[in-house]
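Protein chains in written order, with this note's numbering: chain A, 1 to 222; chain B, 1 to 222. By construction, the Cβ of each residue, glycine as well, lies at the ideal position given by its N, Cα and C atoms.
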DNA sequence: ATCTGTGACTACCGAGTGGTAGGGAGAATC
DNA sequence: GATTCTCCCTACCACTCGGTAGTCACAGAT
């Protein structure tokens, strides 16, 4: 019983987990099937029984990541309705998604570097809708005067995507730049807070102190 | 004559160039010495004559990159004297440095991912001074009211570093997100312009319309 | 009790890896 | 003219790689 049904998915998932960790840390070419199977505690052919090829394993890791992302994104877009709420939610939840497990950011970044052409259809499929929605929101905001008119929506979103993924992927390394030995957890919080600040400040127009622009409603989230 | 003095450095440099390109494109582990030597047009042992080890070749590529960077940075810091000029110069020249050859950004990013611990001393050596100077400039700007007081100098600089490197490293791939087939050269220009806009807007306080703070000189670059 | 399918194993393979040994052509030095 | 030095070559090595063949233990179904 303990070996029949549950163990099957269990082992496959264990392989996936260790593969994800190792791929994220050392890259696809930097990890051998022997490395992975050793971590799992099985022999190499047993691993190949579950995933017939190293490349299928890579794809499986990536698919699980994207599946998780696709699971979280629509709810996110549904949940928050009003403009600035939606922006805030999408942005901070995206950060949270990658902050939850930095391997995700590292993995995506590596794939972006290693297999640019193969990533483009995936980008098209999984990132494009996101970008389109946010871009449209930004454009709407520009018309309404909430968003800085100089902002380039499409380019802005691309930069923020890179910033979120890049900052979290390299966080562990760039801790070296922190002057004092801050408790890491706190540093991460401070770091992501600054990220959100940069994103918002560079997008939204300052709250009109005197009342210059005919902004419709809440001109600027906290 | 044509083979004695000049060819020596020439071949070594050719090896370095092709290694840089290939490492940037496929990663250190994704490139074999055979690949590199084939590009150069020599045999593998000939390559190993110049660089005794694959790892020394990697280091040589990295060192040349950092040497170039160290060559460009001090001049940069010397040239521009006043605060906002200095910031503007440092930022845009840094962008230009990586935009000039995207392999530089890719290479740095890969090293950051692949060898975090070995990169930390290099960061300490080559990036820290830069960060310190800019951070101090930001703090000074905060005291003078030119810079947003909510900004976290150290974290801000880290984010901008990641943003510059990340955006240029992934530029070719993220072109896929551009809706129309813009002439690429123009798209790059638009992209870097937006990057600079984000960096400045999120840092500097809006030009005081009434005149609240006792800012010394030009409170805000174009 | 027997059959069947699952999932692990040992043993092995060809290709490719980084790296070495040793030799040879040609220019520079004596 | 002999020697030395530079730089490339062919041939080879030990090892690791992803992947295959075939076997075996065992749980569940018949």
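Legend entry - alpha helix (DSSP H) segment containing residue 103(A), residue limits: 102–114
Inset, instruction - Output yes if chain B places a C-beta closer than 8 Å to the C-beta of residue 162(A); else output no. - result: yes
Legend entry - Contact set between residue 29(B) and chain A, taken where Cβ atoms lie within less than 7 Å: 27, 29, 30
Inset, instruction - Indicate whether at least one CB of chain A lies closer than 8 Å to the CB of residue 211(B). - result: With a pLDDT of 46 at residue 211(B), under the threshold of 50, the predicted position of this residue should be treated as unreliable, though the coordinate-derived value follows. With 8 Å as the cut-off, residue 211(B) does not count as an interface residue toward chain A.
Inset, instruction - Give the residues from the stretch 136–154 of chain A that approach chain B closer than 8 Å (Cβ to any Cβ), ordered along the chain. - result: 148, 150, 151, 152, 154
Inset, instruction - Would you mind working out which of 86(B), 206(B), 189(B) sits nearest residue 136(B), comparing C-alpha positions? - result: 86(B)
Legend entry - 8 Å Cβ shell around residue 20(A) - same chain, five flanking residues per side excluded: 61, 64, 65, 103, 107
Legend entry - Complete runs of the alpha helix (DSSP H) confined to the stretch 105–171 of chain A [at least 4 residues]: 116–126, 128–144, 153–169
Legend entry - Run of the alpha helix (DSSP H) containing residue 201(A), from where it starts to where it stops: 185–201
Legend entry - Per-residue contacts from residue 114(B) into chain A (C-beta, under 8 Å): 26, 27, 30
Inset, instruction - Starting from residue 35(B), trace the alpha helix (DSSP H) both ways and give me its first and last residue. - result: 33–40
Inset, instruction - Would you please verify whether the beta carbon of residue 206(A) is less than 8 Å from any beta carbon of chain B? - result: yes
Legend entry - Beta-carbon spacing of residue 113(B), residue 122(A) below 8 Å: no
Inset, instruction - Taking C-beta pairs closer than 8 Å, name the residues in chain B that residue 134(A) reaches, listed in chain order. - result: Per Cβ cutoff of 8 Å: no residues; residue 134(A) is ~11 Å from chain B at best.
Inset, instruction - Let me know if residue 205(A) comes out buried or exposed under the rule of 16 or more other beta-carbons within 10 Å of its beta-carbon. - result: buried
Legend entry - C-beta contact flag for residue 27(B) and residue 27(A) at 8 Å: yes
Legend entry - Identity of the residues DSSP links to residue 204(B) by a beta bridge: 147(B)
Inset, instruction - Return no unless some Cβ of chain A is closer than 8 Å to the Cβ of residue 107(B). - result: no
Inset, instruction - Could you say which of 158(B), 188(B), 58(B) lies nearest to residue 133(B) if we only look at CA atoms? - result: 158(B)
Inset, instruction - Quick one: residues in its chain with C-beta nearer than 6 Å to the C-beta of residue 162(A), no 5 flanking neighbours on either side, listed in chain order? - result: none
Legend entry - Under the three-state DSSP convention, the category residue 53(B) falls into: coil
Legend entry - Closer than 8 Å at the beta carbon, the chain A residues around residue 120(B): 173, 176
Inset, instruction - Report back the beta-carbon spacing between residue 33(B) and residue 54(B) to the nearest angstrom; my notes put them in contact at under 8 Å. - result: 6 Å
Inset, instruction - Kindly say whether residue 124(A), judged by its beta-carbon, lies nearer than 8 Å to any beta-carbon of chain B. - result: yes
Inset, instruction - Quick one: using the 10 Å Cβ neighbour count with 16 as the cut-off for buried, is residue 140(B) buried or exposed? - result: exposed
Inset, instruction - Identify, in the order they occur along the chain, each residue of the same chain with its Cβ nearer than 7 Å to the Cβ of residue 36(A), setting aside the five sequence neighbours on each side. - result: 15, 18, 19, 22, 47
Inset, instruction - Determine the DSSP secondary structure at residue 19(A), reduced to helix, strand or coil. - result: helix
Inset, instruction - Within 10 angstroms of the Cβ of residue 181(B), are there 16 or more other Cβ atoms? Answer buried if so, exposed if not. - result: exposed
Legend entry - Residues within the stretch 68–98 of chain A neighbouring chain B, beta-carbon criterion of under 7 Å: none
Inset, instruction - Please state whether DSSP places residue 43(A) in a helix, a strand or coil. - result: coil
Legend entry - Neighbourhood of residue 169(B) by C-beta, 7 Å cutoff - its chain only, sequence neighbours within 5 removed: 102, 105, 106, 109
Inset, instruction - Quick one: grab the DSSP three-state call for residue 234(A). - result: Absent from the structure is residue 234(A), since the part of chain A shown begins at 1 and ends at 222.
Inset, instruction - Since I believe residue 198(B) is in contact with residue 198(A) (beta carbons under 8 Å), could you give me their beta-carbon distance rounded to a whole number of angstroms? - result: 7 Å
Inset, instruction - Please name the residue in 145(B), 12(B), 150(B) whose C-alpha comes closest to that of residue 200(A). - result: 150(B)
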